[in-house]
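Q: For the sequence shown, this note's numbering gives the first residue as 41, with consecutive numbering after it. Here you go, one structure.
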Amino acid sequence: MYYQVDETNDYYKSGGVKVIVNVDQKLIRDTVIDCLGSLYLKPDAYTEERFYYQSTLQIYLEALGIPNYMKISPSVETLFFIHNKHIMTIPYQNIHFHLKDRQPYSFYFRELVDRIVVQKNGGLCYEQCALMYHVYKTIGFDVKILFATVTKGHEHTFNPYEFQSHAFLMIKVDGQEYLVDGWFGSEAPCYPLAIDLGKDEQIIQINKYIKFCLVRYENYYELKQWYGNYWERQYVFFRPLVFKDIVEIYDQYLRNIYQEYYSPIRDKYMLIGKSSQYGFFQAFMIPSAYQFVAYNVSFIHGVAYYKKYENLEKFKDEVYWESGIIIPDFYYIKTDSQIEK
Numbered sequence: 041m042y043y044q045v046d047e048t049n050d051y052y053k054s055g056g057v058k059v060i061v062n063v064d065q066k067l068i069r070d071t072v073i074d075c076l077g078s079l080y081l082k083p084d085a086y087t088e089e090r091f092y093y094q095s096t097l098q099i100y101l102e103a104l105g106i107p108n109y110m111k112i113s114p115s116v117e118t119l120f121f122i123h124n125k126h127i128m129t130i131p132y133q134n135i136h137f138h139l140k141d142r143q144p145y146s147f148y149f150r151e152l153v154d155r156i157v158v159q160k161n162g163g164l165c166y167e168q169c170a171l172m173y174h175v176y177k178t179i180g181f182d183v184k185i186l187f188a189t190v191t192k193g194h195e196h197t198f199n200p201y202e203f204q205s206h207a208f209l210m211i212k213v214d215g216q217e218y219l220v221d222g223w224f225g226s227e228a229p230c231y232p233l234a235i236d237l238g239k240d241e242q243i244i245q246i247n248k249y250i251k252f253c254l255v256r257y258e259n260y261y262e263l264k265q266w267y268g269n270y271w272e273r274q275y276v277f278f279r280p281l282v283f284k285d286i287v288e289i290y291d292q293y294l295r296n297i298y299q300e301y302y303s304p305i306r307d308k309y310m311l312i313g314k315s316s317q318y319g320f321f322q323a324f325m326i327p328s329a330y331q332f333v334a335y336n337v338s339f340i341h342g343v344a345y346y347k348k349y350e351n352l353e354k355f356k357d358e359v360y361w362e363s364g365i366i367i368p369d370f371y372y373i374k375t376d377s378q379i380e381k
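Below, the structure written as structure tokens:
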């Protein structure tokens, strides 16, 4: 049977048009191949791979609400549109790092799209960077992967040997370099940043509330964000640029998953965030076995907000309201007492 009919539909029962709710595309394809016999030319590996990426891209675009009649090409307009649509729709969350049963997820393009976008689960920087690399590459952009060391909340300077716990993209369009990062927690820019790597310092104004600063040092660059009255450090990356590949993202992700010792970036906070045109919502929970500690540190319309949550239920309710993310029961969360320090 090639399709499933909705027999509960009243019009169907009265002899009207049948409402098809599910199509078995594989069965149709196999039947057509059988009918064609020797006339059927099996596609080569390149054609099969191209179909896989193009069809997965279409699933991604439809899940974001982008109509299939819209022309998608490797242009500046497409880059800005898709980046903004993604960051406004897909939340960041690192819940997976905090589960007792912490097993690695798949980084295949189709699985990334399904988990992060279709199911609206959001994901880590590694997951979302890998996802968007595939998206932009499939569209036809000149896209490169870079790793960075997070400096937010730290006073130390650049250490070339420190573990690089963040990943982002660099995309070149019409000779212009863009720093593309929609997954640095919830504090990522809502549009790609047009940058000049030859400048010592440049400020990129997104709107009246949001701006970023890229500073060039002798052997590294540092990205900062304006927090109303001061520059907040975000991350540093190598100068000259060191490009990575998609396999190295997954390797870095696995290192984070399997390392047994305490990692502040991974273990200190459970973080959920969602960006908007005017700032971001951001909620933290410290996975403590001894007391409940969680708070909201958001930045909206140029104003920083701070609120401490009274209990887990209020934390879960607001996180779901703001981001759509469901916080698991505390039973499934690995606490600080269960992490080797």
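Cβ atoms here follow ideal geometry from the backbone N, Cα and C, with glycine treated the same way.
State the CB to CB distance for the pair Phe187 and Gln168, rounded to an integer number of angstroms; the pair is presumed to be in contact (CB under 8 Å).
A: As a working mapping, residue 187 is identified with position 147 in the sequence shown. As a working mapping, residue 168 is identified with position 128 in the sequence shown. About 14 Å; that fails the 8 Å criterion.
Q: Which of helix, strand or coil does DSSP assign to Ala228?
A: For the purposes of this step, residue 228 is taken as the residue at position 188 of the sequence shown. Here Ala228 sits in coil by DSSP.
Q: Quick one: give me the first and last residue of the beta strand (DSSP E) that Asn336 is part of.
A: Within the sequence shown, numbered from 1, the residue matching residue 336 stands at position 296. From DSSP, the beta strand (DSSP E) with Asn336 extends over Val333 to Ile340.
Q: Name, in chain order, the residues that DSSP records as bridge partners for Met210.
A: The residue labelled residue 210 in the question sits at position 170 within the sequence shown. Met210 is bridged to Lys184 and Leu219.
Q: Threshold first: 3 residues or longer. Then list the beta strand (DSSP E) segments lying entirely within the segment 125-199, N to C.
A: With a minimum length of 3 residues, the continuous beta strand (DSSP E) runs that stay inside the segment 125-199 are 182-190.
Q: Grab me the residues of Tyr100's own chain with a C-beta within less than 7 Å of its C-beta, minus the 5 sequence neighbours each way, in chain order.
A: For the purposes of this step, residue 100 is identified with residue 60 of the sequence shown, where counting begins at 1. Answer for Tyr100: Val153, Val157 and Val175, listed in chain order.
Q: So, does the segment 188-199 touch the segment 260-280, judging by three or more C-beta pairs under 8 Å?
A: The segment 188-199 is in contact with the segment 260-280.
Q: What first and last residue would you give for the beta strand (DSSP E) that runs through Tyr261?
A: On the sequence shown, position 221 is the one that residue 261 refers to. Element bounds for Tyr261: Tyr260 to Trp266.
Q: When we look at the beta-carbon of Phe370 and count the other beta-carbons within 10 Å, is it buried (16 or more) or exposed?
A: On the sequence shown, residue 370 is found 330 positions in, with the first residue counted as 1. Exposed, by the Cβ-count rule.
Q: Out of Ala234, Lys251, Tyr249 and Arg256, which one is the CA nearest neighbour of Asp240?
A: The residue given as residue 240 occupies position 200 in the sequence shown. Checking every option, the nearest Cα to that of Asp240 belongs to Arg256.
Q: What do you reckon, are the CB atoms on Asn336 and Tyr330 nearer than 8 Å?
A: Mapped onto the sequence shown, residue 336 falls at position 296. Mapped onto the sequence shown, residue 330 falls at position 290. Going by C-beta atoms, Asn336 is not nearer than 8 Å to Tyr330.
Q: When you compare each of Ile250, Leu254, Lys248 and Ser226 to Ala234 by their alpha carbons, which one comes out closest?
A: Position 194 of the sequence shown, counted from the start, is the residue given in the question as residue 234. Nearest option by C-alpha distance: Leu254.
Q: Below 8 Å CB to CB, which residues in the same chain sit around Ser14 once its five sequence neighbours on both sides are set aside?
A: Lying outside 41 to 381, the shown extent of the chain, residue 14 is not represented and no answer is given.
Q: Less than 8 Å between the beta carbons of Gln133 and Ile365, yes or no?
A: Residue mapping note: residue 133 aligns to position 93 of the sequence shown, counting from 1. Residue mapping note: residue 365 aligns to position 325 of the sequence shown, counting from 1. Yes, the Cβ-Cβ distance between Gln133 and Ile365 is below 8 Å.
Q: I need the straight-line Cα distance from Lys308 to Gly225, nearest angstrom please.
A: Taking the first residue of the sequence shown as position 1, residue 308 is located at position 268. Taking the first residue of the sequence shown as position 1, residue 225 is located at position 185. Straight-line Cα distance between these residues: approximately 14 Å.
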